[in-house]
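The numbering of the sequence shown is the UniProt record's numbering, which starts it at 1 and goes up by one.
A short worksheet on the structure shown next.
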Amino acid sequence: MLIGAKGKRFAKKRYAEKAQMKKTLKMHDESNKRQKVDDDVQEGALPPYLLDRDQTQRAKVRPVAEEEMFTVLRTGKRKTKQWKRMVTKATFVGAGFTRKPPKYERFIRPTGLRFTKAHVTHPELKCTFNLDIISVKKNPNGPMYTSLGVMTRGTIIEVNVSELGLVTPAGKVVWALRAIERYRVTLLPTAPPVLVAMIKSEEAHHCDLSSLLFIGIGGAPLSREVAERFAVIFPNIELIQDLDAVDSAVMFSKVAAIAVGGVAVAMGNPRLS
Numbered sequence: 001m002l003i004g005a006k007g008k009r010f011a012k013k014r015y016a017e018k019a020q021m022k023k024t025l026k027m028h029d030e031s032n033k034r035q036k037v038d039d040d041v042q043e044g045a046l047p048p049y050l051l052d053r054d055q056t057q058r059a060k061v062r063p064v065a066e067e068e069m070f071t072v073l074r075t076g077k078r079k080t081k082q083w084k085r086m087v088t089k090a091t092f093v094g095a096g097f098t099r100k101p102p103k104y105e106r107f108i109r110p111t112g113l114r115f116t117k118a119h120v121t122h123p124e125l126k127c128t129f130n131l132d133i134i135s136v137k138k139n140p141n142g143p144m145y146t147s148l149g150v151m152t153r154g155t156i157i158e159v160n161v162s163e164l165g166l167v168t169p170a171g172k173v174v175w176a177l178r179a180i181e182r183y184r185v186t187l188l189p190t191a192p193p194v195l196v197a198m199i200k201s202e203e204a205h206h207c208d209l210s211s212l213l214f215i216g217i218g219g220a221p222l223s224r225e226v227a228e229r230f231a232v233i234f235p236n237i238e239l240i241q242d243l244d245a246v247d248s249a250v251m252f253s254k255v256a257a258i259a260v261g262g263v264a265v266a267m268g269n270p271r272l273s
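See below:
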């Protein structure tokens with residue numbers, strides 16, 4: 001039996017070992033636990049109101065231990081305090097985030113591991129989009145990681161798709177086409193994946209796009225097959241491919257839909273915002 005200061009040190013050490021053992025046992029129990037719903041996983045894109053429901057039969061994501069997720073930071077004059085943690089995984093931090101004073105900040109998210117954009121692949125369109133992250137909806141490792149904005153395997157994130165209008169499970173471009181029909185849009189600057197979605201969408205054949213005269217395409221150049229197919233489906237709409245597109249400005253030039261790789265005179269009096 002240990003008494004005095006030696007006994008206190010031994011009891012403190014045993015307390016930490018038991019707490020770690022309980023966390024390890026709980027982690028293994030959760031990995032083998034069955035969920036509420038035993039239905040088969042549906043293929044394709046899910047509507048937003050089904051994202052928070054349990055869709056899988058068993059846990060298919062490897063749980064991440066705290067030793068892997070956090071790094072202990074020693075603080076204090078003699079580096080004896082160990083209550084601060086540094087996150088070692090990719091995180092999302094909103095635009096209006098303000099750090100606490102360093103003296104009171106327990107969880108530190110490094111600037112180099114903060115991400116604001118995500119590459120999202122649409123299952124029906126087979127296209128990848130670079131979209132802004134709005135929030136982290138659910139992290140499978142626990143609510144604490146969700147509140148910290150940690151993004152690991154299996155994390156559900158919310159992205160901004162307002163510029164694309166690709167939200168339906170069937171891959172229809174509904175928002176953009178309805179807006180063009182309602183507000184009689186004449187010039188539509190967009191990205192090549194949206195143009196491909198318009199070609200594949202059946203909704204485009206039922207909407208009145210007679211007001212649309214030009215479509216400005218930035219980013220990667222269009223292939224000959226896509227340009228020719230677009231000219232057949234939308235013969236009254238002229239494609240405008242950009243010469244150089246950057247974050248600060250876009251320069252458009254008039255190029256015929258079938259002239260792939262051509263260079264022409266820049267469009268006069270462009271309107272930029």
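Note that CB positions come from ideal geometry on N, CA and C, so glycine has one too.
8 Å contact criterion, which residue i and residue j should meet: CB distance rounded
{"i": "A118", "j": "V150", "result": "A118 to V150, Cβ: 14 Å. No contact."}
{"i": "L209", "j": "I233", "result": "Actually they are not in contact, since the Cβ atoms of L209 and I233 sit about 10 Å apart, beyond 8 Å."}
{"i": "V120", "j": "L131", "result": "5 Å"}
{"i": "P193", "j": "F129", "result": "6 Å"}
{"i": "T212", "j": "Q241", "result": "Just to set this straight, residue 212 is Leu in the shown sequence, not Thr. In fact, because the Cβ distance is near 16 Å, the residues do not count as touching under 8 Å."}
{"i": "V196", "j": "C127", "result": "6 Å"}
Residue i vs residue j beta-carbon contact at 8 Å
{"i": "L187", "j": "G216", "result": "yes"}
{"i": "M27", "j": "A65", "result": "yes"}
{"i": "L239", "j": "A220", "result": "no"}
{"i": "F115", "j": "A95", "result": "no"}
{"i": "R85", "j": "T71", "result": "yes"}
{"i": "I157", "j": "I133", "result": "yes"}
{"i": "M198", "j": "A204", "result": "yes"}
{"i": "V87", "j": "L25", "result": "no"}
{"i": "G154", "j": "V93", "result": "no"}
{"i": "P235", "j": "N141", "result": "no"}
{"i": "T146", "j": "V161", "result": "no"}
{"i": "R106", "j": "W83", "result": "yes"}
Neighbour flag for residue i against chain B, beta carbons, 8 Å
{"i": "L73", "result": "Structure shown: chain B not included; a single protein chain is present."}
Paired residues, beta bridge with residue i - DSSP
{"i": "E105", "result": "E105 is not bridged to any residue."}
{"i": "A118", "result": "L131"}
{"i": "K81", "result": "T75"}
{"i": "I157", "result": "V136"}
{"i": "M86", "result": "T71, I108"}
{"i": "V64", "result": "In DSSP, V64 forms no bridge with anything."}
{"i": "V150", "result": "T91"}
**OP:** Just list the beta strand (DSSP E) runs in the UniProt domain "AMP-dependent synthetase/ligase" (176-239), keeping only unbroken ones of 3 residues or longer that don't cross its boundaries, in chain order.
**Re:** 187-190, 214-217
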